[in-house]
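Colleague: The sequence shown: position 83 = 86 (the working numbering), numbered continuously.
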Amino acid sequence: IIVDATIQHECDDVYRGRIFSVNDTAYNLCFVGGLFITAMAFPPNGKSVAGLFTVALGFIALSIWFAIGSRRPSAAVPALPPAR
4 IIVDATIQHE CDDVYRGRIF SVNDTAYNLC FVGGLFITAM AFPPNGKSVA
54 GLFTVALGFI ALSIWFAIGS RRPSAAVPAL PPAR
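Dropping the structure here:
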């Protein structure tokens, strides 16, 4: 919902349909790719301790990456003017 609202707010009307279709296609490709990788990596019964720890480590790594990337910028970066 956040992505859809952002696209509606930030995109011109002329490009909105194309951007929605690219966003939807990218999302679906990632979803299907994740299912394919999971089907190849996990056993048929779906239970795998190594897989569980791999996914957990992936979430931890992404959390650290997000925390580092979302730090506030230094004071040297000028602030943007308020939106109208």
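Heads up, the beta-carbon is just placed ideally off N, CA and C, and yes, glycines get one too.
Helix, strand or coil for R21, going by three-state DSSP, please let me know.
Modeller: Here R21 sits in helix by DSSP.
Colleague: How far does the alpha helix (DSSP H) with D7 in it reach, from first residue to last?
Modeller: Taken as a continuous stretch (DSSP letters only), the alpha helix (DSSP H) holding D7 covers I5 to E13.
Colleague: Could you give the uninterrupted runs of the alpha helix (DSSP H) lying entirely in the region 38-75, keeping only those of 4 residues or more?
Modeller: As far as the region 38-75 is concerned, its whole alpha helix (DSSP H) runs of at least 4 residues are 52-72.
Colleague: Among the residues of its own chain, which have a CB less than 7 Å from the CB of G54, if the five just before and after it don't count?
Modeller: Within the same chain, G54 has close Cβ partners A44 and F45.
Colleague: Cα separation between Q11 and R19?
Modeller: Q11 and R19: Cα-Cα distance of roughly 7 Å.
Colleague: Nearest-angstrom Cα distance between V25 and V52?
Modeller: Approximately 36 Å between the Cα atoms of the pair.
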